[in-house]
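Engineer:
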């Protein structure tokens with residue numbers, strides 16, 4: 015089972031975590047569509063291969079044809095009746111599969127070979143070769159392939175080999191285009207550049223680095239090309255352009271039509287060959303599309319889906335420990351906007367035990383407060399944020415605890431109510447501002463749309479859009495520009511403006527500056543800081559950058575393995591960290607003001623939600639862990655103010671050595 | 017040439033054709049990604065190259081590797097100008113200059129095993145007689161980067177490793193040829209903070225134990241501050257300041273360096289400062305300003321800065337260079 019982090023990664027961002035690993039086998043195991051297609055195809059191949067033994071009659075045998083034998087209806091002797099010449103339809107059907115499958119197999123092989131070669135050369139070498147080859151492909155593509163095939167077959171002698179060759183050489187264009195684009199995209203990946211940096215030759219790069227990643231796509235494509243080839247063969251033989259000495263399904267249809275099966279009411283001469291064609295083509299298509307769903311990430315859906323609404327009954331309050339902080343310092347006066355108590359998030363998938371992605375998280379966010387949520391990747395930061403917004407991927411939901419937004423419990427809320435709240439009261443800014451803006455509409459338009467969506471009767475939209483952009487430091491002249499005319503930092507600021515469109519009370523920001531430069535980051539942080547001061551906006555900032563937290567946050571939630579390791583005011587957390595994880599994180603973080611300090615890595619990696627250690631989740635990596643830490647889960651200890659620590663060592667007051675002393679690096 | 021200089025870069029330029037007209041196919045302007053870089057990489061030093069994205073850091077590395085052909089300039093490696101060498105002769109040089117890429121998720125072929133990935137350079141250069149010898153050398157390289165026991169990693173594929181382990185594999189690939197120069201392109205920026213330190217310490221130990229010179233590209237000044245001997249600051253295709261790390265951090269001369277230092281968040285809430293935000297947007301390498309390339313965003317620009325392109329000159333200490341007209345005049349107090 016993949017780690018939960020991978021699951022969410024793949025869901026949310028289409029991350030290439032382990033998609034590349036042995037895809038065809040996985041595809042078949044997990045995809046019923048592909049399995050069903052493969053079953054259809056296998057049965058047809060088996061019938062064709064075993065025709066001699068399973069067909070009830072010999073196709074070449076001259077029967078004693080009597081009048082009763084012509085178009086005899088299905089009977090015990092002839093299960094599918096007989097045709098115009100008194101031959102057994104079932105026998106013809108079985109032998110016909112041989113022609114269809116032979117043509118399909120060899121013709122698609124020719125097509126894929128030609129298309130693959132052209133696509134690879136064009137994609138890999140580029141330049142003039144690519145221009146010539148792809149224009150040639152385009153020209154062939156616009157020639158309708160069936161009429162071309164008819165002309166070519168009619169000009170040569172209709173025979174099995176001719177049909178195979180002709181169908182093969184008219185059907186390669188799609189493959190060429192596909193292989194070219196895949197080669198092109200693999201070629202741009204960094205490992206190819208690395209191979210070139212090592213000095214690998216073109217041949218080596220093609221064989222070792224590019225082919226293995228193009229091959230699965232070619233395999234899928236071959237199956238689809240095969241189904242087209244089979245259809246083309248049937249059409250040609252229906253038109254009489256086939257080897258007369260071999261029975262094929264198209265030929266069976268042809269003779270039934272031309273020799274009065276319709277007027278004789280002999281449906282049994284028409285339906286079986288038609289069904290045979292459908293059987294095989296359907297098998298190919300299902301197999302092909304089934305494989306494609308797994309191999310081509312763009313086909314499978316990865317978009318965010320909101321979590322199932324939780325029934326109030328299942329939302330038991332409290333699984334963990336009571337949350338009794340007397341909110342500490344300066345924010346105790348400000349009203350509480352978001353109050354999260356003992357929230358736990360599970361991911362459920364059929365056939366797997368539920369994964370506890372987040373457990374027993376409690377915090378309070380006041381008006382105008384900025385809370386930093388930090389931790390390594392895979393510690394549940396983003397999952398926590400998405401769960402509060404009820405935007406988790408399918409299967410994930412809050413299973414216990416309460417999330418109160420200005421007094422209302424979000425966990426018990428219906429999907430519709432939640433959707434209303436989502437932009438109005440709680441807005442989100444994601445990391446990738448590039449993909450969140452529509453490239454063909456002006457930024458001003460998109461912000462106006464966000465306002466109108468929630469306030470259909472809003473007036474003076476233009477003025478409000480200008481005001482919002484001004485708030486994030488974007489001049490009025492840029493309102494009518496398109497996203498591509500904005501720099502990366504401006505796009506992120508425009509996203510913040512859009513998030514503020516409906517005057518939310520809480521802003522959720524998921525790594526809003528991670529992809530940006532420090533100079534731009536400083537601008538964005540400046541904007542966020544001003545907003546919460548001027549508008550009293552409460553901000554939940556998910557980040558991995560402790561520097562950013564120290565710079566602008568008021569309080570910090572350190573997450574590890576899905577639980578809160580430490581929750582404190584920013585000064586306490588940085589100067590008197592009580593949890594060994596916090597301390598180790600700080601020791602690993604480079605500090606410009608103390609360049610002499612040694613950076614110390616934390617060995618190992620965070621636990622995955624399906625393999626959580628029995629005791630403290632940090633114990634396996636903790637330098638101070640005792641046997642108790644490995645055996646028993648620590649509870650959340652509440653120290654002075656709102657300083658909360660989930661660590662056994664706090665009790666003995668000796669473990670985390672630097673407790674109560676200003677934190678110093680070694 | 018002083019013997020301690022391993023790689024001498026002089027006035028290196030890499031320009032790409034920019035927009036082409038849709039109708040005539042005529043070229044309008046150029047992207048001046050690398051625009052006159054001069055820099056020395058010394059023996060067994062760790063030189064950090066710092067700058068914003070789009071300033072040409074990565075293009076510079078690709079040019080040094082011979083993966084991009086420079087438009088002009090010289091790169092002298094072992095008394096030999098390696099610009100414009102034939103592919104065969106460049107391949108011989110590539111054994112000596114190796115590169116580590118930014119993204120450990122992308123830079124390892126997902127279909128190959130770790131053993132094959134690490135052994136590939138040996139096969140390419142025919143450096144080991146057979147598969148077994150290659151495997152043994154790959155094992156040694158894996159152990160050198162701290163992946164132990166190496167045997168346990170040989171048959172795994174990249175997706176079975178953590179990000180930090182993958183980046184160690186990428187370093188092992190670069191090391192297996194025994195290079196003299198390692199070019200590292202943001203080697204830790206995709207990794208979690210908790211594992212960054214491990215990779216950084218690994219690079220640091222490599223140059224200490226093997227005398228490898230490391231050119232370390234990063235956008236993060238605080239990382240550079242911790243491990244680099246010298247820092248070079250790049251802006252819009254050119255080095256604007258270079259010097260020993262403590263000196264550059266303590267007494268930055270170029271206003272861009274000063275701004276860069278002021279915006280780096282410090283993980284100490286008691287040291288919150290007002291960052292010196294630069295006006296305007298990050299510049300566009302198609303449209304390099306006349307005169308000093310920094311003057312449109314410079315808070316202390318003089319009138320002369322609009323006309324004169326300042327050269328990199330000695331300022332302050334022994335090897336502290338900066339390209340700023342202000343630095344030539346007596347150092348005034350900057351706001």
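Residue numbers (this note's numbering), protein chains in the order written: chain Z, 15 to 680; chain U, 17 to 351.
From the three backbone atoms N, C-alpha and C, an ideal C-beta is built for every residue, glycine too.
Can you tell me which of U:182, U:266, U:188 puts its alpha carbon nearest to the alpha carbon of residue 610 of chain Z?
Structural biologist: U:266
Engineer: Show which residues of chain U have a CB atom less than 7 Å away from the CB atom of residue 223 of chain Z.
Structural biologist: 125
Engineer: Near residue 692 of chain Z, which residues of its chain fall below 8 Å by C-beta distance, leaving aside the five closest residues on each side in sequence?
Structural biologist: Chain Z is shown from 15 up to 680; residue 692 of chain Z falls before or after that span and cannot be answered.
Engineer: Below 9 Å on C-beta distance, what does residue 117 of chain U contact in chain Z?
Structural biologist: Simply 204, 205, 207, 208, 211.
Engineer: In the DSSP assignment, find the unbroken beta strand (DSSP E) run with residue 577 of chain Z in it and report its ends.
Structural biologist: 577-583
Engineer: Whole-angstrom Cβ separation of residue 54 of chain U and residue 26 of chain U, contact assumed at under 8 Å?
Structural biologist: 5 Å
Engineer: So that I know if they touch, is there some Cβ in chain Z lying closer than 9 Å to that of residue 45 of chain U?
Structural biologist: no
Engineer: I think residue 510 of chain Z touches residue 539 of chain Z, with their Cβ atoms under 8 Å apart; what is that distance to the nearest whole Å?
Structural biologist: About 11 Å separates the two Cβ atoms, so there is no contact after all.
Engineer: Rounded to whole angstroms, what's the CA-CA distance from residue 454 of chain Z to residue 45 of chain U? Just pull it up for me.
Structural biologist: Spanning the two alpha carbons is a distance of roughly 26 Å.
Engineer: Who does residue 201 of chain Z pair with in a DSSP beta bridge?
Structural biologist: Beta-bridge partners assigned by DSSP to residue 201 of chain Z: none are found.
Engineer: For chain Z, check one thing: does any of its Cβ atoms lie closer than 9 Å to the Cβ of residue 164 of chain U?
Structural biologist: no
Engineer: Based on the DSSP output, what are the partners of residue 234 of chain U in its beta bridges?
Structural biologist: U:66
Engineer: List the residues of chain U whose Cβ lies closer than 7 Å to the Cβ of residue 569 of chain Z, in chain order.
Structural biologist: Near residue 569 of chain Z there are no residues of chain U at all, since even the closest Cβ is about 11 Å away, more than 7 Å.
Engineer: Output the distance between the C-alpha atoms of residue 322 of chain Z and residue 424 of chain Z, rounded to the nearest integer angstrom.
Structural biologist: Note that residue 322 of chain Z scores 38 on pLDDT, short of 50, meaning its location in the model is unreliable and no value can be drawn from it.
Engineer: Taking 9 Å as the threshold (C-beta atoms), are residue 214 of chain U and residue 357 of chain Z in contact?
Structural biologist: no
Engineer: With respect to the beta strand (DSSP E) encompassing residue 28 of chain U, which residues constitute its N-terminal and C-terminal limits?
Structural biologist: If you look at residue 28 of chain U, you'll find it in the beta strand (DSSP E) that goes 21-33.
Engineer: Between residue 98 of chain U and residue 196 of chain U, is the Cβ-Cβ spacing less than 9 Å?
Structural biologist: Between residue 98 of chain U and residue 196 of chain U, the C-beta gap is not smaller than 9 Å, which leaves the two residues out of contact.
Engineer: Within the continuous alpha helix (DSSP H) that includes residue 132 of chain U, where are the two ends?
Structural biologist: 130-140
Engineer: In the stretch 300-317 of chain U, which residues sit with their C-beta less than 8 Å from some C-beta in chain Z, listed in chain order?
Structural biologist: Listed by position, the residues of the stretch 300-317 of chain U near chain Z (Cβ gap below 8 Å) amount to none.
Engineer: Check this for me: beta carbons of residue 573 of chain Z and residue 389 of chain Z, under 9 Å apart or not?
Structural biologist: Result yes, Cβ atoms of residue 573 of chain Z and residue 389 of chain Z sit closer than 9 Å.
Engineer: Which residue or residues does DSSP assign as beta-bridge partners of residue 48 of chain U?
Structural biologist: U:31
Engineer: Just list the alpha helix (DSSP H) runs in the stretch 341-415 of chain Z, keeping only unbroken ones of 4 residues or longer that don't cross its boundaries, in chain order.
Structural biologist: Taking only runs of at least 4 residues, the alpha helix (DSSP H) segments lying wholly in the stretch 341-415 of chain Z are 395-402.
Engineer: Anything in chain Z within Cβ reach of residue 261 of chain U, meaning under 9 Å, just list it in chain order.
Structural biologist: Near residue 261 of chain U (Cβ distances below 9 Å), the residues of chain Z are 609.
Engineer: Report yes or no: is there a C-beta of chain C within less than 9 Å of the C-beta of residue 193 of chain U?
Structural biologist: Absence of chain C from the displayed structure is noted, the protein chains being Z and U.
Engineer: Which value, in whole angstroms, describes the spacing of the CA atoms of residue 98 of chain Z and residue 185 of chain Z?
Structural biologist: 34 Å
Engineer: At what residues does the alpha helix (DSSP H) containing residue 555 of chain Z begin and finish?
Structural biologist: Here residue 555 of chain Z belongs to no alpha helix (DSSP H); instead the beta strand (DSSP E) covers 552-556.
Engineer: Using a cut-off of 7 Å between C-beta atoms, extract the partners of residue 218 of chain Z located in chain U.
Structural biologist: 140
Engineer: Please list the partners that residue 616 of chain Z has in chain U, where partner means a Cβ-to-Cβ separation under 7 Å.
Structural biologist: 210, listed in chain order.
Engineer: Given 8 Å as the limit, is there contact between the stretch 468-487 of chain Z and the stretch 502-522 of chain Z, that is, 3 or more CB pairs closer than that?
Structural biologist: yes
Engineer: Examine the Cβ distances between the stretch 258-276 of chain U and the stretch 239-249 of chain U and report whether three or more of them are shorter than 8 Å.
Structural biologist: yes
Engineer: Does DSSP put residue 652 of chain Z in a helix, a strand or coil?
Structural biologist: Residue state, collapsed to three classes: strand.
Engineer: Compute the minimum distance between the beta carbon of residue 128 of chain U and the heavy atoms of the ligand ADP, and state whether it is under 8 Å.
Structural biologist: Ligands are entirely absent from the displayed structure, and the ligand ADP is therefore not among its contents.
Engineer: Give the straight-line distance between the Cα atoms of residue 236 of chain Z and residue 190 of chain Z, rounded to the nearest whole angstrom.
Structural biologist: About 12 Å.
Engineer: Between the C-alpha atoms of residue 216 of chain Z and residue 222 of chain Z, what's the straight-line distance to the nearest angstrom?
Structural biologist: Within the model, the alpha-carbon separation for residue 216 of chain Z versus residue 222 of chain Z is close to 10 Å.
Engineer: I'd like to know whether the C-beta atoms of residue 428 of chain Z and residue 354 of chain Z end up nearer to each other than 9 Å.
Structural biologist: no
Engineer: What in chain Z is Cβ-close to residue 229 of chain U, meaning under 7 Å?
Structural biologist: None at all; the shortest Cβ gap to chain Z is about 17 Å.
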